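Let me begin by presenting the structure, written as structure tokens, before commenting on it.
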Amino acid sequence: MNLYPLTFEPIFKERVWGGRNLQSLYGKALPPGQRVGESWELSDRPGDESVVAGGSLRGRTLRWLMEHCPDELLGPRAPAARFPLLIKIIDAQETLSLQVHPPPAAAARLGGEPKTEMWYVTHARPGAELFVGLKKGVSREEFERKLADHTVAECFHRIVARPGGAMFLPSGRVHALGAGLVIFEVQQNSDTTYRVFDWNRAGLDGKPRELHVPQSLASIDFQDFEPALLPDKPAADHPGTTRPLVRDPLFSACVKHWADGDHMAWPAGRMSILGVLSGALRIEGAGETVELGAGEFCLIPASCNGVTVRAQGEVFFMEIE
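Every number in the numbering used here is 86 more than the matching position in the sequence shown, counting from 1.
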């Protein structure tokens, strides 16, 4: 099958903690009157399958592509029943639940799916925080005591969030986004989240949201103390600079900074996802041209040859593999 650089229609998710920033910041056509917390930019979840936005495959889903041409799409990655990643933009206008995603062994016991992920902060209100891991010395016993008296947030390590801050979240790391943040999130294709505490908040239906305390306690890494943000050390590249973020068996990610007119022939043979943080890119190949602005993503299939990526003015963009 002749694949080409692919863009997809976003899937919007209303959340009790969401807002309207994805429209004001990125021009997303949000459903009116909804507090949209998540835009699923690339998804192969049951019932939430991204739809190709343009070209000869317009209207086909990512699920269809995985069923009909997985090798052309993914290249040498390990075979997968579903597309291996889920890419989101998240608008957290209120603090999210304190939560954890199960590691593989716990997920197998609990009937869930493991999920490792990464956050990249694009916008942050002054004083906005990330809740990540535990304060040094917090024991499981102390955590459970404070859980019982609704003060468990005191156990969490907190980091002031600023644009450009990035955090790796291996499964088992307890975490939450604080209020006033917009982030790009790269994660395993999983939607298993165990809420350990939700600030006694009602959901969109007015009822208390479900908690998963036993599952959370079985999943949390109680030796995970005070993790640090990922390094902010861009290195000279050709063109521009590249800031490495994550290199993990599940996914790799970096941020590239190019000046106007910088361009390169994109290497074939591996699947890449490009997501624009600010500025714009022009992607040409296989008879298609994609104009990519801030908050937009493009999947370059492994089988694409002769793809050129060019900066349209100064641009910061994420490369995900």
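C-beta atoms are modelled at their ideal positions from N, C-alpha and C, and glycine is treated no differently. Just so it is clear, the structure is predicted and the values come from calculations on it, not from any experiment.
Annotation: the segment 259-347 contains the following complete segments of the beta strand (DSSP E) (minimum length 3 residues), in chain order: 261-263, 267-274, 280-283, 327-333 and 338-344.
Put simply, the backbone Cα of Met152 is about 19 Å away from that of Glu199. Taking a 10 Å sphere around the C-beta of Glu382, we find 16 or more other C-beta atoms and assign the residue as buried. Ranked by how close their Cα comes to the Cα of Ala380, the residues Lys99, Val362 and Val395 have Val362 in first place. Counting along the chain, Gln109 sits inside the alpha helix (DSSP H) bounded by residues Asn107 to Tyr112. Here Ser276 is buried: its Cβ has 16 or more other Cβ atoms, across all protein chains shown, within 10 Å.
The beta-carbon separation of Gln185 and Val282, rounded to 6 Å, stays under the 8 Å limit for a contact.
Per DSSP, Gly213 has no beta-bridge partner at all. Spanning the alpha carbons of Met357 and Glu407 requires a straight line of approximately 6 Å. In the structure shown, Arg131 falls within a strand segment according to DSSP collapsed to helix, strand and coil.
Going by C-alpha positions, Gly264 is about 24 Å away from Ser129.
Nearest in C-alpha terms to Pro300, of all of Ala192, Tyr90, Cys384 and Asp334, is Ala192. Residue burial annotation: Ser110 is exposed, with fewer than 16 other C-beta atoms found within 10 angstroms of its C-beta.
The straight-line gap separating the alpha-carbon atoms of Pro294 and Gly141 is approximately 44 Å. The C-beta distance from Gly373 to Val393 rounds to 11 Å, too long to meet the 8 Å contact threshold. Excluding five sequence positions before and after Val268, the CB atoms of its chain that fall closer than 6 Å to its own CB belong to Asn107, Asp177, Thr208 and His209, given in chain order. The alpha carbon of Phe308 has as its nearest neighbour, out of Glu95, Arg226, Gln273 and Leu143, the alpha carbon of Arg226. When secondary structure is reduced to three states using DSSP, Leu89 falls in the coil class, being assigned neither helix nor strand. Counting along the chain, Phe242 sits inside the beta strand (DSSP E) bounded by residues Phe242 to Val246.
Nearest Cα to Leu315 within the set Ala234, Pro188, Phe254 and Asp235: Phe254. Look at the segment 162-227 and you find these whole runs of alpha helix (DSSP H), each 4 residues long or longer: 190-196. The beta carbon of Ser389 sits closer than 6 Å to the beta carbons of Leu89 and Glu158 from its chain, once the five residues preceding and following it are set aside; these are given in chain order. For Phe311, the CB contacts under 8 Å within the same chain, skipping 5 residues up- and downstream, are Gly219, Leu220, Lys221, Lys222, Gly223, Val224 and His243 in chain order. Taking 8 Å as the upper bound for CB-CB distance, Gln274 and Leu196 are not in contact here, some 16 Å apart.
DSSP lists Ala351 and Glu370 as the beta-bridge partner residues of Thr394.
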